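So the structure is just underneath, and the comments pick up after that.
Protein chains: 2
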Amino acid sequence: MKNATDLFFDAFANRNRFNILMQLRDKELCAGELQQKLKVEQTNLSHDLKCLLNCKFITVRKEGRKRIYRINNETKELVDEVANHVKNYEVYLKKCGILREEKNGRV
Amino acid sequence: MKNATDLFFDAFANRNRFNILMQLRDKELCAGELQQKLKVEQTNLSHDLKCLLNCKFITVRKEGRKRIYRINNETKELVDEVANHVKNYEVYLKKCGILREEKNGRV
DNA sequence: TGAATATATGAAATATTTATCATATATAAA
DNA sequence: TTTATATATGATAAATATTTCATATATTCA
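Heads up: the sequence lines are chains D and V, in that order.
The opening residue of the first sequence carries number 0 in numbering that gives the first Met the number 0; numbering runs sequentially from there.
The opening residue of the second sequence carries number 0 in numbering that gives the first Met the number 0; numbering runs sequentially from there.
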């Protein structure tokens, strides 16, 4: 059974969703623009945007047949702080060894 | 292939590891004390502590046959900010619907 | 030295998350 | 009112993370 913290991380700590939030830090964007910038599948992006909307991490407004997404202020601050932490700890994260850094090249 | 942000979230956004960090906000604790407070398996706790150590989220010192763990300051601040955000957004997170809140009761 | 306590390690089993697929809806323009 | 564009939905397949299991190491005390 999940508590609020689990749900928060499910929403926020997801690679694709966090990338969306990172993009939206600077300016609001519509789904199509996000898709181009992030090079993700349309259907995935749509799922992720809905999740971020549900959780109130972003808001949306309609403009013609586009939907323009904007990050909310509190969430932006948290994203900035995480990005900063990651920068400072990058070297340790990369050699953790418990976390799997990447699939190695050999088949 | 994982980047530093992915690794950060793998380490930080894990239920058990984040609970450890939450416990360590107030005071340093040894593994046995964490085990009692969190009611987790010894072997799991040990894996998680190693991960947090590798990532420099916590430090450790020996005392007799115990090992005393302490959270580092920057990490503590981030944990506090996340805890605060979760409190403010709890109501929305719980009705997201994309995030699976819990296994429903029926078998 | 041998037993007891505290903690760590690595591999495999299990569970959960994320991506894909097929398709639906909503708006605009011809 | 049909077609094209932009975006959304839900079910399953595929990938990844977490737990468990069997066992190891390190320190203290008798």
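Even for Gly, the Cβ is constructed at its ideal location relative to N, Cα and C.
Note that this is a predicted model, so its numbers are computed, not measured.
Residue-level contact to chain V via CB, residue i, 9 Å cutoff
| i | result |
| --- | --- |
| residue 25 (chain D) | no |
| residue 80 (chain D) | yes |
| residue 57 (chain D) | no |
| residue 130 (chain D) | This structure gives no information on residue 130 (chain D), because the portion of chain D shown stretches from 0 to 106. |
| residue 75 (chain D) | no |
| residue 61 (chain D) | no |
| residue 88 (chain D) | yes |
| residue 93 (chain D) | yes |
Residue i versus residue j - alpha carbon distance
| i | j | result |
| --- | --- | --- |
| residue 49 (chain V) | residue 97 (chain D) | 8 Å |
| residue 21 (chain D) | residue 13 (chain V) | 21 Å |
| residue 90 (chain D) | residue 81 (chain D) | 15 Å |
| residue 32 (chain V) | residue 11 (chain V) | 21 Å |
| residue 85 (chain V) | residue 4 (chain D) | 6 Å |
| residue 63 (chain D) | residue 92 (chain V) | 29 Å |
| residue 34 (chain V) | residue 27 (chain D) | 45 Å |
Beta-carbon proximity list for residue i, same chain, < 6 Å, skipping 5 on both sides
| i | result |
| --- | --- |
| residue 65 (chain V) | 29 |
Residue i vs residue j beta-carbon contact at 9 Å
| i | j | result |
| --- | --- | --- |
| residue 95 (chain V) | residue 23 (chain D) | no |
| residue 110 (chain V) | residue 56 (chain D) | Because chain V spans 0 through 106 in this model, residue 110 (chain V) falls outside it and cannot be assessed. |
| residue 44 (chain V) | residue 15 (chain V) | yes |
Close-in-space but distant-in-sequence residues of the same chain around residue i (CB under 7 Å, 5 per side omitted)
| i | result |
| --- | --- |
| residue 61 (chain D) | none |
| residue 59 (chain D) | 52, 66, 67, 68 |
| residue 74 (chain D) | 20, 56 |
| residue 36 (chain V) | 22 |
| residue 42 (chain D) | none |
Any C-beta of chain D under 9 Å from that of residue i
| i | result |
| --- | --- |
| residue 68 (chain V) | no |
| residue 72 (chain V) | no |
| residue 96 (chain V) | yes |
| residue 49 (chain V) | yes |
| residue 1 (chain V) | yes |
Contacts around residue i, its chain only, beta-carbon distance under 8 Å, and the 5 residues preceding and following it disregarded
| i | result |
| --- | --- |
| residue 78 (chain D) | 17, 20, 21, 24, 70 |
message = What are the residues in the stretch 15 to 39 of chain V lying within 9 Å of chain D by C-beta distance?
response = Of all residues in the stretch 15 to 39 of chain V, 17, 18, 21 have a Cβ within less than 9 Å of some Cβ in chain D.
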